[in-house]
DNA sequence: CGCGCGCTTGACTAACTTCAAAGATGGTGG
DNA sequence: CCACCATCTTTGAAGTTAGTCAAGCGCGCG
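Protein chains in written order, with UniProt numbering: chain A, 1 to 217; chain B, 1 to 217.
This is how it looks when you write it as structure tokens:
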């Protein structure tokens with residue numbers, strides 16, 4: 001396949017975006033399907049079009065740590081450490097797949113793309129920093145509340161939030177067991193801070209959620 | 001002060017680096033001195049020239065989480081979440097201070113700078129990801145071992161590693177108390193995996209360290 | 001030389017994990 | 001369409017382990 005335009009000639013974000021799509025392979029992944037096993041030899045990065053992806057580190061004893069959830073519009077695999085993580089679909093997912101080397105070359109001569117990738121990296125740092133701060137809270141309820149607030153910021157509409165991932169994914173993200181997460185949910189429900197609309201849909205009392213997180217209760 | 005050259009005209013990394021130095025303010029910070037209090041209004045980012053800086057989130061109950069240690073050559077404050085963290089000198093530190101807006105403008109038209117900043121962001125994502133993986137280990141000895149391995153990778157010379165930060169900083173980084181960290185150190189010493197050369201200097205059995213981390217012992 | 005602060009060690013407590021089982025949920029095939 | 005089964009979630013009880021409180025030690029600084 002021949003490039004229809006030299007990347008350096010692209011003059012706008014729209015043209016760059018369109019060009020980028022040509023450079024990408026499109027993937028579809030059903031829930032729990034592995035997108036990348038994670039290896040230092042991995043030469044691809046991805047952009048989530050639709051759905052949610054989890055980045056996971058498996059430990060020798062079978063436990064695991066979810067290091068990140070990637071939501072629509074987000075890139076993952078731009079940094080070495082992320083490429084060494086396994087990536088798995090949480091919900092039915094579609095993604096674009098890019099060759100790292102090519103992306104690097106393109107961004108070197110196309111400032112629009114370079115800016116977009118820098119933005120994606122900043123977002124990754126932001127998410128990771130938030131995640132670390134979340135794990136600083138020792139009370140399970142606070143951790144869960146911080147997680148729900150994060151999710152609300154990403155996926156929420158009004159006071160309603162979809163919860164696309166299973167309890168065990170949440171547990172492995174916030175550093176607790178599924179049982180402890182379940183108990184924390186129970187107490188948040190008891191306090192009317194969260195209300196079940198559906199299995200995968202919650203209504204949140206956002207202000208009360210924030211109070212719970214900060215005020216150590 | 002007048003710019004001697006337009007940033008877009010800079011033709012090499014050396015020229016860019018030299019130009020960048022002119023754009024920076026130089027700071028010196030004694031141990032425990034606050035570099036930035038951390039606020040969403042913060043408009044600066046920093047590059048550590050010498051020493052070590054900790055990025056810290058303080059919680060309402062007085063506890064804190066160290067989200068990152070920044071070592072010589074590294075930038076911090078490039079992403080929003082990092083600018084909202086307090087930054088404090090761990091050891092005697094010198095830094096360069098940059099105006100974010102100006103840096104952004106410069107990088108928009110100077111590919112060398114853009115690449116350097118992208119590299120700094122990738123490094124930040126790598127560190128944060130490593131940090132989250134570290135906190136996934138539940139055994140204090142494994143967490144400490146993973147921390148020491150990280151430090152060895154950054155500051156180590158042969159099998160010797162300087163430990164510039166206090167126990168409490170380590171504890172707040174890996175999510176444990178200072179007492180637990182002290183006990184974990186005791187056991188690593190007992191097993192001859194670490195040996196004290198000096199108060200701030202350790203000799204590590206790196207391979208044994210790796211085995212301890214992965215093999216769950 | 002003496003004080004202060006950080007580090008270490010000990011005993012006890014509290015809370016999360018573990019182990020176990022029952023309850024809900026969703027998908028599938030008869 | 002409904003019953004069944006596998007899986008996920010919730011709930012309960014017991015056990016471990018890191019946190020807490022407290023005291024002793026050692027190094028560095030004034």
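Each residue gets a CB set at the ideal place from its N, CA and C atoms; glycine is no exception. Every value quoted in this text rests on a predicted model; they were computed, and no experiment measured them.
Asked, Found
"Got a sec? Which residues, its chain only, sit under 7 Å from residue 43/B by beta carbon, not counting five neighbours each side?", "99, 100 and 101"
"Please report the straight-line C-alpha distance between residue 141/A and residue 154/A, rounded to a whole angstrom.", "20 Å"
"As a quick exercise: from 70/B, 128/B, 24/B and 192/B, pick the residue whose alpha carbon is nearest that of residue 209/B.", "192/B"
"So, residue 81/A versus residue 37/A, is the Cβ gap smaller than 8 Å?", "no"
"Give a yes or no on whether the minimum CB-CB distance between residue 42/A and chain B is below 8 Å.", "no"
"Taking just the CA atoms, how far does residue 205/A sit from residue 113/B?", "44 Å"
"Evaluate contact between the stretch 120–128 of chain B and the stretch 68–75 of chain B, counting only Cβ atoms and requiring at least three cross-stretch pairs below 8 Å.", "yes"
"Hey, is residue 121/B's beta-carbon within less than 8 Å of any beta-carbon in chain A?", "yes"
"Against residue 215/A, what residues of chain B qualify as contacts under a CB-to-CB distance less than 8 Å, listed in chain order?", "60"
"Note down, in chain order, every chain A residue with its Cβ under 8 Å from the Cβ of residue 143/B.", "Within 8 Å Cβ-Cβ: nothing; residue 143/B doesn't reach chain A, min ~11 Å."
"Just the Cα atoms here: how many angstroms apart are residue 197/A and residue 161/B?", "54 Å"
"Among 214/A, 46/A and 28/A, which residue has its Cα nearest to the Cα of residue 133/A?", "214/A"
"For residue 184/A and residue 144/A, what's the separation of their Cα atoms in angstroms?", "7 Å"
"Which class does residue 177/A belong to by DSSP, given the choice of helix, strand or coil?", "coil"
"I'd like the list of long-range same chain contacts for residue 137/A, defined as Cβ closer than 8 Å, with 5 residues on each side in sequence excluded.", "143, 146 and 213"
"Please list, in chain order, the residues of the stretch 161–186 of chain B that have any C-beta partner in chain A closer than 7 Å.", "175"
"At which residue ranges does the stretch 18–74 of chain B contain complete beta strand (DSSP E) runs of 3 or more residues, listed in the order of the chain?", "25–29, 34–36, 44–50, 53–58 and 64–70"
"I need the DSSP call for residue 78/A, collapsed to helix, strand or coil.", "coil"
"Who does residue 97/B pair with in a DSSP beta bridge?", "25/B and 46/B"
"Express the C-alpha separation of residue 41/B and residue 59/B in angstroms, rounding to a whole number.", "19 Å"
"Do residue 45/B and residue 94/B have their C-beta atoms within less than 8 Å of each other?", "no"
"Along the stretch 71–99 of chain A, where does the CB come closer than 8 Å to a CB of chain B? Name the residues.", "78, 79, 80, 81, 82 and 85"
"With a threshold of 8 Å between beta-carbons, can residue 150/A be considered close to chain B, or not?", "no"
"Less than 8 Å between the beta carbons of residue 24/A and residue 92/A, yes or no?", "no"
"Report the residue from 176/A, 106/A and 57/A whose alpha carbon sits nearest the alpha carbon of residue 130/B.", "57/A"
"Run through DSSP, which three-state label would residue 213/A get?", "helix"
"In chain B, which residues lie with their C-beta within 7 Å of the C-beta of residue 65/A?", "132, 133 and 136"
"Please compile the residues from chain B whose C-beta is within a distance smaller than 8 Å of the C-beta of residue 117/A.", "118"
"Pick helix, strand or coil for residue 204/A, following the three-state DSSP scheme.", "strand"
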